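Throughout the sequence shown, residue numbering follows our numbering, covering 13 to 72 in sequence.
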Amino acid sequence: MIDKLKKENTLKQTAKCKHCGGPLRDYRYGVSCLMCGRAEDHICERCRYSEEELMTKKVA
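In structure tokens, the structure reads:
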């Protein structure tokens, strides 16, 4: 039973915002971030980055 719960918890992965890392939601007009409100496909000159940078931890 415990192993089953561990598997279920590891399978739950939420989509994250490319800008702030907040959770994304699917709403009437598209997917957007719950925290900053940006669209899922939002790209601007100031916060442009690669997908690999999002996956790596940033150390201050």
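Glycine is no exception: its CB is placed at the ideal position from the N, C-alpha and C atoms. Since the model is a prediction, treat every value here as computed from it, not as a measurement.
- Message: Short of 7 Å in beta carbon distance, which residues of its chain neighbour C29, apart from the five on each side in sequence? Order them along the chain.
- Response: As a position in the sequence shown, residue 29 is number 17, starting the count at 1. Closer than 7 Å at Cβ, skipping near neighbours: L36, C45, M47, C48, R50.
- Query: Taking the alpha-carbon positions, what's the C32 to V43 distance?
  - Reply: Along the sequence shown, one-based indexing puts residue 32 at 20. Along the sequence shown, one-based indexing puts residue 43 at 31. The straight-line gap from Cα to Cα measures roughly 15 Å.
- Task: Out of H54, R58, T26, state which residue places its alpha-carbon closest to the alpha-carbon of G34.
- Result: Your numbering for residue 34 matches position 22 in the sequence shown. Measuring from the Cα of G34, the nearest candidate turns out to be T26.
- Message: Bridge partners for C45 per DSSP, in chain order?
- Response: Working through the sequence shown from its first residue, we reach residue 45 at position 33. DSSP lists L36 as partners of C45.
- Item | Residues that DSSP places opposite A51 in a beta bridge | Taking the sequence shown and counting its residues from 1, the one referred to as residue 51 is at position 39. Paired residues: S44.
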